[in-house]
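Report on the following structure.
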Amino acid sequence: MYPTLYNSLNPGLSQAIPPERNLLLTSIAQTLKEGLLKENHLHLRFVCTHNARRSQLSQFICQALAFIYQVPISTSSAGTQKTRVHPSVVEALKHLGFNATKATHPPYEYLFHIAENQAPLIAYSKTLEEAALDEKTFWAIMVCNQADADCPYVPGASQRLVLPYTDPGAKDGTPEELEAYETTALTIAAEWRWMFQSIAAL
1080 MYPTLYNSLN PGLSQAIPPE RNLLLTSIAQ TLKEGLLKEN HLHLRFVCTH NARRSQLSQF
1140 ICQALAFIYQ VPISTSSAGT QKTRVHPSVV EALKHLGFNA TKATHPPYEY LFHIAENQAP
1200 LIAYSKTLEE AALDEKTFWA IMVCNQADAD CPYVPGASQR LVLPYTDPGA KDGTPEELEA
1260 YETTALTIAA EWRWMFQSIA AL
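Using my numbering, the letters of the sequence shown correspond one by one to residues 1080 to 1281.
Put into structure tokens, the structure is as follows:
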């Protein structure tokens, strides 16, 4: 793994988890651990409305942490609508240490590299229906309240968990835009790092 990315995600940089999130994260970590014991591998599909921000950040941060902790989890993302990967998502992931390049084969938009010997992670916006074409067995992780409300049932999902994050898109077009995306990325990283540590300890 690239040193900058590893250092930004390593346990030594863990931040405190607010008490109000601790119970939720503990429950999700326990559920994931039980799923891994039963299935040996889990595919997590992160879902938000536009598949542009929070679901993309969650997909790639979680995949990088799974690589660090050697947990058999793979990830993807989808939305109730299709738009595009927001450019500030790319900048926020670069800030964490991901090596990003523009993809040259549509509909792929970006390639994120986490290690020299690993295939790049592919980023592009897609609907739940399009994502379902890969026929993977998956768990849906709802990362925004609107998508949670719009999709009380996610077709094809064997489990549906809710882990909402603040939408950094509320700051689009303002001087605080990039800071908002980086803050969301760091929050996602801290919480998933905490959960992977919990899974390892269970």
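Even glycine gets a Cβ: it sits at the ideal position worked out from N, Cα and C. Every value quoted in this text rests on a predicted model; they were computed, and no experiment measured them.
Check: Three or more C-beta pairs closer than 8 Å, one from the region 1092-1110 and one from the region 1186-1202: is that the case here?
Finding: no
Next item on the list: Please list the segments of the alpha helix (DSSP H) lying wholly inside the region 1094-1163, counting only runs of 4 or more residues, in order along the chain.
Entry: 1098-1118 and 1133-1148
Check: In chain order, what residues of the same chain have a beta carbon less than 8 Å from the beta carbon of Ala1179, not counting five sequence neighbours either side?
Finding: Val1169, Leu1172, Lys1173, Tyr1189, Leu1190, Phe1191 and His1192
Check: By DSSP, does Ala1202 sit in helix, in strand, or in coil?
Finding: strand
Notebook entry, point to check: Is Arg1133 near Ala1157, with beta carbons less than 9 Å apart?
Noted result: no
Checklist line | At least three beta-carbon pairs within less than 8 Å, the region 1207-1220 to the region 1150-1166 | finding: yes
Check: Distance, Cα to Cα, Gln1142 vs Ser1153?
Finding: 6 Å
Note to self: Residues in the same chain with beta-carbon distance under 7 Å from Gln1225, minus the five sequence neighbours each way, listed in chain order, please.
What the structure shows: Thr1128
Next item on the list: Measure the C-alpha to C-alpha separation of Thr1206 and Cys1230 and round it to an integer number of angstroms.
Entry: 12 Å
Next item on the list: Could you tell me which residues DSSP puts in a beta bridge with His1192?
Entry: Asn1178
Notebook entry, point to check: Thinking just about the alpha-carbon of each residue, which of Tyr1085, Pro1254, His1122 and Gln1135 is nearest to the one in Val1164?
Noted result: Gln1135
Margin query: Buried or exposed for Tyr1260, going by 16 or more other Cβ atoms inside 10 Å?
Written below: buried
Next item on the list: Taking Gln1238 as part of the alpha helix (DSSP H), name the residues at either end of that continuous run.
Entry: No alpha helix (DSSP H) contains Gln1238, which is instead part of the beta strand (DSSP E) from Ala1236 to Val1241.
Notebook entry, point to check: Which residue from Phe1146, Trp1271, Glu1256 and Asn1086 puts its Cα closest to that of Ala1198?
Noted result: Phe1146
Notebook entry, point to check: Going by other Cβ atoms of all chains shown within 10 Å of its Cβ, with 16 needed for buried, is Ala1268 buried or exposed?
Noted result: buried
Check: For Tyr1085, which option in Thr1245, Gly1176, Ala1182 and Glu1255 has the closest C-alpha, if you only look at C-alpha atoms?
Finding: Gly1176
Next item on the list: With a floor of 3 residues, list each beta strand (DSSP E) that falls wholly inside the region 1222-1271, ordered by position along the chain.
Entry: 1236-1241
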